[in-house]
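One structure below.
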Ligand code: NDP
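Numbering (UniProt numbering), first residue to last: 1 to 325.
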């Protein structure tokens, strides 16, 4: 099959994803061409497709992949054709047979991490590592509420927090998903409506609110998450799976007990080469130590990306989704 990439020519639903030929010229100076072997699907891909996070049209999709170096542009040292690499990109490009990347953004893959695992874990795992180390600074014995706990990021959060001794209260959209979170180390796993979540969290936490909430659900869970915190607790709002959080007034934090709020983006925590290398090393160590089990819940051909989006937005998936070009 000829090389191709997926794009949208207008923002909207999964049915608007189209394929177009991908023709390669010479690789620009400082860039590396990566031939993809596995491509990670992330919820942010649906924001790029729908226009919630708009890029100029026609807009490419996908922010993560693993593969091999095919060619390097002028001035690139350290990467040779055949090297195994992965990447997370702030600009969509990975739903494609190959992509060109700045060499300084590539992550060299250890032999212990296969291509599919790399595509399943890089963006989600780096997000988890940077949120725990950079935003939450959470200590053993403290408590955390993790929403969408059987999902891509959620599954990794539950495992990582449990591994460092945090008491995790998980929430997921069904009893089956909650059972997955419990199996990953959560002390409690809830699955009721968001309207009664704060009450259920306090009941599960000895009557107190939790120290930190990790909320990638967004609009639907916003009030429940804030109400689940102890005074001076920390709200980490990192995504919009149910839609973006509507405007709010800072006094909402005051009246709930002087809460802290952060709205992180992983790229701000892996901006320098040193930060990227440190975060990737910490992530690969968690996998090598057997503390992070990366589950791929769905694998599809790249040409079926629309189906992957429908499943993800329909809350039908657990773990990561990988596309094979
Ligand atoms: P997930 O696999 O977690 O899928 C999203 C999950 O959100 C669903 O499975 C579902 O779990 C839950 N959800 C609750 N309400 C809805 C709704 N109305 N529609 C759809 N889903 C809903 O996706 P990812 O792991 O790819 O991403 C998780 C979150 O992390 C996303 O918000 C994403 O944007 C964010 N993210 C943020 C980053 C950052 O830098 N800030 C980087 C990477 C990801 P359930 O049914 O169990 O409730």
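Idealized CB from N, CA, C, for every residue including glycine.
Quick caveat: nothing in here was measured; it's all calculated off a predicted structure.
Between the CA atoms of residue j and residue i - distance to the nearest angstrom
i	j	result
residue 238	residue 212	13 Å
residue 177	residue 204	18 Å
residue 256	residue 99	47 Å
residue 258	residue 264	19 Å
residue 292	residue 249	38 Å
residue 186	residue 133	19 Å
residue 313	residue 13	10 Å
residue 106	residue 183	33 Å
residue 297	residue 80	32 Å
residue 138	residue 2	48 Å
residue 47	residue 325	22 Å
residue 24	residue 68	16 Å
Boundaries (first-last residue) of the beta strand (DSSP E) holding residue i
i	result
residue 66	64-72
residue 262	260-262
residue 31	31-41
residue 287	Element bounds for residue 287: not the beta strand (DSSP E) but the alpha helix (DSSP H), 273-288.
Limits of the alpha helix (DSSP H) - the one that residue i falls within
i	result
residue 226	222-227
residue 139	Unbroken run through residue 139: none, as it is neither H nor E.
residue 253	251-255
residue 328	Outside the displayed range of the chain (1 to 325) lies residue 328, so it cannot be described from this structure.
residue 167	Looking at the DSSP string, residue 167 is not in any alpha helix (DSSP H); the run it does join, the beta strand (DSSP E), is 167-171.
residue 162	152-163
Other residues of its chain near residue i: CB distance less than 8 Å, five sequence neighbours each side excluded
i	result
residue 136	144, 212, 214, 234 and 236
residue 243	218, 219 and 220
residue 254	none
Among the options, nearest to residue i - alpha-carbon criterion
i	options	result
residue 140	165, 231, 157 and 184	165
residue 289	271, 275 and 163	163
residue 4	83, 46, 35 and 248	35
residue 94	15, 45 and 179	45
residue 226	197, 207 and 104	197
residue 74	195, 33 and 63	33
residue 268	78, 310 and 279	279
residue 191	232, 148, 303 and 152	148
residue 199	169, 174 and 175	169
residue 124	207, 266, 206 and 261	266
residue 241	229, 251, 228 and 222	222
residue 315	8, 78, 39 and 43	43
Beta-carbon contacts of residue i that lie in its chain and below 6 Å, excluding the five residues immediately before and after
i	result
residue 295	319
residue 273	104
residue 122	64, 86 and 88
residue 6	17, 19, 61, 95 and 305
residue 167	143 and 187
residue 152	124 and 320
Cβ neighbours of residue i in the same chain (closer than 7 Å, five flanking residues each side left out)
i	result
residue 102	30 and 31
residue 15	306
residue 150	172, 177, 180, 181 and 318
residue 300	307, 308 and 323
residue 284	110 and 113
Whole-angstrom C-beta distance between residue j and residue i, which should lie under 8 Å
i	j	result
residue 308	residue 76	With 8 Å as the limit, residue 308 and residue 76 do not qualify as a contact, their Cβ atoms being about 32 Å apart.
residue 83	residue 108	7 Å
residue 287	residue 113	7 Å
residue 154	residue 209	Going by Cβ atoms, the distance from residue 154 to residue 209 rounds to 20 Å, so no, they are not a contact pair.
Exercise. For the ligand PLP, which residues have a Cβ under 6 Å from at least one heavy atom, in chain order?
Worked result: The model on display carries the ligand NDP but not the ligand PLP.
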